[in-house]
Structures are given as C-alpha cells and as structure tokens.
Amino acid sequence: MRQVSTPFEQPPWDVATISFSSASQLAAVRDFVGDHALAAGLPPDRVRGLRLAVSEVVTNTLRHTSGGGVMRVWTEGDEVISELTDHGSFRHEVRAPVEHPTAAGGWGLYITGQVCDEFLCYSRPGRTVWRLVLKRAPRPGAAGPAPSRPPEDAGEPRL
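One point on numbering: in our numbering, the residue at position 138 of the sequence shown is 138, and numbering is uninterrupted.
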C-alpha cells in the first residue's frame with residue numbers, strides 16, 4: 001500500500017456506487033464489486049482476489065471507523081478501479097505482521113496490497129479513501145492459462 005499526500009482525482013460522475021453501514025452488508029458489497037469487475041472484463045481469478053481485498057478494506061472500515069462507507073467501481077483504460085471512502089483517518093505503514101504471524105488480525109491491508117496491482121490510500125482527519133486497482137490483463141510473472149493439448153498429429157509431416 002502506498003499512502004499519497006494529495007487527494008485522488010474524482011471518479012467519473014456516473015460510476016457504480018454502493019453504501020454500507022453494517023457487517024450484514026459485507027456480502028452485498030463484495031458481490032457488487034465482483035459483478036461489476038467481471039462485467040468489465042476482469043478475469044474470474046482476479047475477481048476472486050478483488051472480492052477478498054474488498055472484504056478486507058470494508059471489514060477494516062466497519063471495525064475502525066463510525067458510519068460505514070461508500071464503495072465505487074469503474075474502469076480506466078485496462079484497469080478496474082474500486083474505491084472506498086470512509087470517515088476514518090489512517091497514518092500507518094502497512095507490512096506483514098511478522099512479529100505475531102499467528103495473530104487473528106493485522107493481515108487485511110497486507111493481503112489487499114498483495115492482491116492488487118496498485119493499492120493506494122489518501123487520508124486526512126475524518127476522511128480516508130482507499131483505491132484498489134487491478135489490471136484486466138494478468139500481472140507480469142503471473143501464471144497464465146494452461147497450454148492446450150496439441151493435436152494428435154502435431155509434429156508429424158502432412159502428406
């Protein structure tokens with residue numbers, strides 16, 4: 001995760017939006033983001049990762065702020081962008097919780113950073129914006145689809 005010091009540009013005016021204020025809405029927010037990302041052409045395996053990342057940032061918002069938040073989803077070029085705005089403030093460095101690797105908490109933002117191509121945060125007192133960016137194409141070095149089986153006559157001369 002990278003914290004930025006200036007606010008993000010506003011998303012397009014017609015982006016898909018969902019508000020939430022309780023844990024009972026977590027599945028609806030995950031489904032909302034996942035459905036929009038899939039419709040935008042994000043591969044299904046990346047959608048699963050995005051749903052996990054969304055679950056983590058929404059859970060953190062519900063756990064550490066008051067009033068819930070607003071999730072937006074849109075595309076820019078080859079990117080699917082999910083953005084959560086909440087009423088909290090965030091001023092921490094995110095890293096794997098190696099001091100207590102078996103702790104019940106502390107992994108959410110780290111995992112989100114591993115899933116996303118870009119994971120950004122802008123925060124000021126009373127407002128934090130989390131931006132999760134995934135490219136529609138696989139990340140460099142990511143495993144692609146398994147090669148298809150060659151035809152039975154592959155490599156044999158044709159007559």
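Ideal placement from N, C-alpha and C gives every residue a C-beta, glycine not left out.
Just so it is clear, the structure is predicted and the values come from calculations on it, not from any experiment.
Backbone secondary structure at residue i - three-state DSSP
i	result
residue 45	helix
residue 72	strand
residue 10	coil
residue 137	coil
residue 117	coil
residue 59	helix
residue 40	coil
residue 88	coil
residue 65	coil
Residue i - partner residues in DSSP beta bridges
i	result
residue 122	4 and 129
residue 82	73 and 132
residue 18	71
Heavy atom of the ligand ZN within 6 Å of residue i beta-carbon
i	result
residue 13	Annotation note on the ligand ZN: not contained in the displayed structure, which lists no ligands.
Under 7 Å between C-beta atoms of residue i and residue j
i	j	result
residue 87	residue 65	yes
residue 121	residue 130	yes
Closest residue to residue i among the options (Cα-Cα distance)
i	options	result
residue 20	14, 31, 10 and 13	31
residue 134	33, 15, 7 and 124	33
residue 46	13, 22, 117 and 125	117
residue 123	89, 137, 132 and 115	89
residue 76	49, 12, 119 and 4	12
residue 25	74, 1, 70 and 132	70
Quiz item: When the Cβ atoms of the region 47–58 are set against those of the region 110–127, are three or more pairs found closer than 8 Å?
Solution: yes
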